[in-house]
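Remarks on the structure that follows.
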Amino acid sequence: MNRLLKTPITATLTKHILITDYRTPTTDHQNMDTQWPRWEVFKQDRPGKPFEAVGTVHAPDAEMALLNARDVFVRRPECHTLWVAPEAAVLRLTAQELAGRQDWPDEPATEGSEEMAYHVFLRQSHRRSMVAVTLVGQVLAASSADAMHQAVAQYGASDTVVWWVVPDSALIRSNDDDIASMFEPALEKTYRDQTTYRGRIFEGRRRGGTVKEVPGA
Amino acid sequence: MPPELTHDERLTAFEARIARGEKIEPGDWMPDDYRRQLIRMISQHAHSEIVGMLPEGAWIEHAPSLRRKLILIAKVQDEAGHGQYLYHAAESLGAERQDLIDALLAGKAKYSNIFNYPTLNWADVGMIGWLVDGAAIKNQTMLTGASYGPYSRAMVRICAEETFHYKQGKEMITLYAQGTPHQRRMAQDALDRWWWPSLMMFGPPDADSTNSTTLMRWGIKLKSNDALRQEFIDEIVPELHAAGLCIPDPDLRYDENSGHWLTGPIDWDEFWRVIKGNGPMNRERLRARRTAHDDGLWVREAMAAYASRSSVIGKRSTVSGQR
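Heads up: the protein sequence lines correspond to chains R and W, in order. Positions in the first sequence are counted from 1; adding 765 to them yields the numbering used here. Positions in the second sequence are counted from 1; adding 9 to them yields the numbering used here.
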């Protein structure tokens with residue numbers, strides 16, 4: 766808690782947030798009482814682990830999207846870095862859509878566009894999981910469609926069920942300065958972990974039923 | 010999927026995928042009724058998480074120790090997060106979050122009946138964890154196997170977190186059940202009031218469950234209401250007995266032949282009365298939710314104002330590349 770006060774989250778985040786037109790989806794804020802734009806959330810549990818798509822949050826801007834992502838997806842100590850991206854920046858494809866695509870894979874790259882880095886995420890099985898897709902690599906491409914074309918060619922093993930491509934320029938990231946205020950406080954909240962309660966009931970019995978806690982009348 | 014297929018051919022292929030244990034993902038073909046049933050079920054589930062914060066949230070400032078208070082705050086925060094996971098799953102089917110929330114605030118949406126009962130003493134918080142979250146986990150564990158990918162994933166994430174809700178409740182009630190006479194009376198009183206509503210959480214008997222056939226045919230539900238209810242009863246009865254509590258059902262007995270605990274008749278008239286809006290707390294829950302929404306308006310306005318201001322600043326400095 767003290768760390769949170771010493772390092773105001775907003776101050777830490779603002780300095781590395783770079784807002785471009787498509788990172789802040791144009792919306793009529795006056796009509797957004799209960800629904801702001803959607804942002805995809807990518808979470809890295811530990812350094813060296815791949816980023817995983819865990820779900821979405823609604824937020825009026827990138828900074829709030831990152832903070833909401835922390836509140837919704839990181840109530841427990843299992844996060845090193847968060848990324849958010851406007852949902853519209855993410856291009857998705859399922860194996861079924863790929864199979865039904867008549868013009869695939871001959872879609873041409875956009876002429877004259879500069880190449881950008883795109884992150885490629887895959888889902889590779891139907892097994893139960895809490896993650897939609899996992900980061901597997903990057904491609905350089907002139908458009909999202911071009912990036913998807915390359916992603917399918919390079920990462921198109923027969924077991925892939927879902928592909929996502931996300932332009933690197935669309936990502937807003939937490940950084941190392943944010944770890945202390947955003948993610949570390951969860952480490953001390955051991956009561957959120959079910960294993961904390963292992964055996965406590967039986968310890969209670971050994972104490973002869975003496976319960977220190979006095980419930981409210 | 011090739012576009013020249015007929016609807017029946019698509020449906021056959023869809024059902025074959027479910028039979029093979031494949032998950033249906035956003036973008037894949039699905040029957041309209043599958044989409045409709047999922048939106049209905051997932052949004053009700055999401056609303057239940059949100060309304061479920063109210064009966065327990067009311068006790069946060071009355072918690073008898075700092076430890077219990079921290080636990081209860083964490084649990085209520087989890088429910089808020091679980092509501093968000095589920096709204097996300099419904100949105101992946103094309104539902105608009107605003108429509109879902111507006112329906113809840115207008116009193117048009119259903120949520121779990123259990124939250125229309127009042128929390129009258131502190132031990133209710135523990136009993137809700139043990140019985141209500143215990144019953145919810147049974148249902149949600151089944152739903153981790155649901156055929157729709159985003160719903161299944163929300164359930165896996167929720168179950169991983171929710172086990173703590175059940176365990177803290179079981180711990181609290183077990184301690185009270187061995188505590189002072191006053192503590193024992195509180196635990197028993199909580200069980201007396203929460204036992205039957207908990208059994209009703211699994212929904213109406215199979216014969217009266219109108220949506221179950223479709224939900225099971227398409228792999229959304231993998232077990233029937235009655236089957237899940239029986240599994241829960243068989244697990245929880247010995248646990249409550251071991252804690253020294255008395256289950257408020259004179260007809261409860263163990264059937265040697267089937268190996269099941271059999272309960273007396275459940276009062277389904279009460280269930281339908283509460284679900285139709287005439288339970289003890291239906292109006293109060295909606296009032297509290299609307300008040301919370303209205304009280305948060307200035308925060309939403311401030312966030313929107315800040316966002317429109319910073320996006321103007323952002324447009325000016327697009328190329329500054331400040332990292």
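For glycine and all other residues, C-beta sits at the position ideal for the given N, C-alpha and C.
I'd like to know if the stretch 102–114 of chain W and the stretch 837–855 of chain R are in contact, where contact means that at least 3 CB-CB pairs between them fall below 8 angstroms.
Verdict: no, contact absent.
Residue range of the unbroken alpha helix (DSSP H) whose run includes Glu-179(W):
In the second sequence, counting from the first residue as 1, residue 179(W) sits at position 170. Note on identity: in this sequence residue 179(W) is Lys, with Glu being the wrong assignment. Taken as a continuous stretch (DSSP letters only), the alpha helix (DSSP H) holding Lys-179(W) covers 158–186.
Let me know the secondary structure DSSP gives Trp-801(R) once reduced to three states.
Residue numbering aside, residue 801(R) sits at position 36 when the first sequence is read from its first letter. Three-state result, Trp-801(R): coil.
List the residues of chain W whose Cβ lies closer than 8 angstroms to the Cβ of Ala-897(R), in chain order.
Here residue 897(R) is taken as the residue at index 132 of the first sequence, counted from 1. Neighbours of Ala-897(R) on chain W, chain order: Gly-158, Pro-159, Arg-162.
Take Ala-882(R) as the anchor and find which of Arg-938(R), Asp-911(R), Thr-925(R), Met-895(R) has the nearest alpha-carbon.
Translated into the one-based positions of the first sequence, residue 882(R) becomes position 117. Nearest option by C-alpha distance: Asp-911(R).
Show which residues of chain R have a CB atom less than 7 angstroms away from the CB atom of Gln-86(W).
Here residue 86(W) refers to the residue found at position 77 when the second sequence is read from its first residue. Going along chain R in sequence order, the residues near Gln-86(W) (Cβ under 7 angstroms) are Arg-840.
Would you kindly work out how many angstroms separate the C-alpha atoms of Leu-113(W) and Phe-124(W), rounded to a whole number?
Position 104 of the second sequence, counting from 1, holds the residue named residue 113(W). Position 115 of the second sequence, counting from 1, holds the residue named residue 124(W). Answer to the nearest angstrom: the Cα atoms are 14 angstroms apart.
Can you name, in chain order, every residue of its own chain whose Cβ lies under 8 angstroms from the Cβ of Tyr-175(W), other than the five neighbours on each side?
If you number the second sequence from 1, residue 175(W) lands on position 166. Same-chain partners within the cutoff: Gly-138, Trp-139, Asp-142, Gly-143, Ile-146.
Short check: CB of Asp-836(R) to CB of Tyr-315(W), under 9 angstroms?
Numbered from its first residue, the first sequence carries residue 836(R) at position 71. Numbered from its first residue, the second sequence carries residue 315(W) at position 306. No, the pair does not count as a contact, with Cβ atoms beyond the cut-off.
Cutoff 9 angstroms: Ser-121(W) Cβ touching any chain R Cβ:
The residue you call residue 121(W) lines up with position 112 of the second sequence. No, no contact with chain R.
If you reduce the DSSP assignment to three classes, tell me which class Val-822(R) lands in.
Indexing the first sequence from 1 puts residue 822(R) at position 57. Look at Val-822(R) here: in three-state DSSP terms it is strand.
By Cβ distance below 8 angstroms, which residues in the same chain neighbour Asn-796(R) in space, the five residues on each side in sequence not counted?
Start at 1 with the first residue of the first sequence, and residue 796(R) comes out as number 31. Below a pLDDT of 50, predicted positions are generally treated as unreliable, and Asn-796(R), at 44, falls in that range; no measurement from the model is reported.
In whole angstroms, what is the alpha-carbon distance linking Ile-48(W) and Ile-82(W)?
In the second sequence, residue 48(W) corresponds to position 39, counting from 1. In the second sequence, residue 82(W) corresponds to position 73, counting from 1. Going by the C-alpha atoms only, they are around 29 angstroms apart.
When you compare each of Glu-843(R), Gln-800(R), Leu-831(R), Asp-933(R) to Ser-908(R) by their alpha carbons, which one comes out closest?
The residue labelled residue 908(R) in the question sits at position 143 within the first sequence. Closest option to Ser-908(R), judged by alpha-carbon separation, among Glu-843(R), Gln-800(R), Leu-831(R), Asp-933(R): Asp-933(R).
Using the beta-carbon count (16 or more within 10 Å), is Pro-206(W) buried or exposed?
In the second sequence, residue 206(W) corresponds to position 197, counting from 1. By the 10 Å Cβ count, Pro-206(W) comes out buried.
For Arg-938(R), count neighbouring C-beta atoms within 10 Å of its own C-beta (all shown protein chains included) and say buried if the count is 16 or more, exposed if not.
In the first sequence, residue 938(R) corresponds to position 173, counting from 1. The residue is buried, with at least 16 neighbouring Cβ atoms inside 10 Å.
Within-9 angstroms CB hit, Leu-935(R) to chain W:
Within the first sequence, numbered from 1, the residue matching residue 935(R) stands at position 170. It is Ala, not Leu, that sits at residue 935(R) in the sequence shown. Answer no: the Cβ-Cβ gap between Ala-935(R) and chain W never drops below 9 angstroms.
Please report how far the alpha carbon of Pro-40(W) lies from the alpha carbon of Ala-155(W), in whole angstroms.
For this step, residue 40(W) is matched to residue 31 along the second sequence. For this step, residue 155(W) is matched to residue 146 along the second sequence. Those two C-alpha atoms are separated by around 16 angstroms.
Verify the CB distance criterion: does His-16(W) have a CB-CB separation below 9 angstroms to chain R?
Here residue 16(W) refers to the residue found at position 7 of the second sequence. Not an interface residue.
Confirm, please, whether the CB-CB distance from Glu-65(W) to Thr-128(W) is below 9 angstroms.
Position 119 of the second sequence, counted from the first residue, corresponds to residue 128(W). Position 56 of the second sequence, counted from the first residue, corresponds to residue 65(W). Cβ distance < 9 angstroms, so Thr-128(W) and Glu-65(W) count as in contact.
Going along the chain, which residues of the stretch 902–926 of chain R sit with their C-beta nearer than 9 angstroms to a C-beta in chain W?
Val-926
What residues in the stretch 135–150 of chain W bring their beta carbon closer than 8 angstroms to a beta carbon of chain R?
none
Within the same chain, show all residues whose beta-carbon is closer than 7 angstroms to that of Asp-264(W), passing over the 5 residues directly before and after it, in chain order.
Position 255 of the second sequence, counted from the start, is the residue given in the question as residue 264(W). Excluding positions up to five away in sequence, the list reads Leu-271.
I'd like to confirm the pairing. Which residues does DSSP put opposite Gln-809(R) in its beta bridges?
Position 44 of the first sequence, counted from the first residue, corresponds to residue 809(R). In the DSSP output, where bridge partners are listed per residue, Gln-809(R) has Thr-846(R).
List the residues of chain R that Asp-303(W) touches, going by C-beta distances under 7 angstroms, in chain order.
For this step, residue 303(W) is matched to residue 294 along the second sequence. In chain order: nothing, as chain R lies at least about 11 angstroms away.
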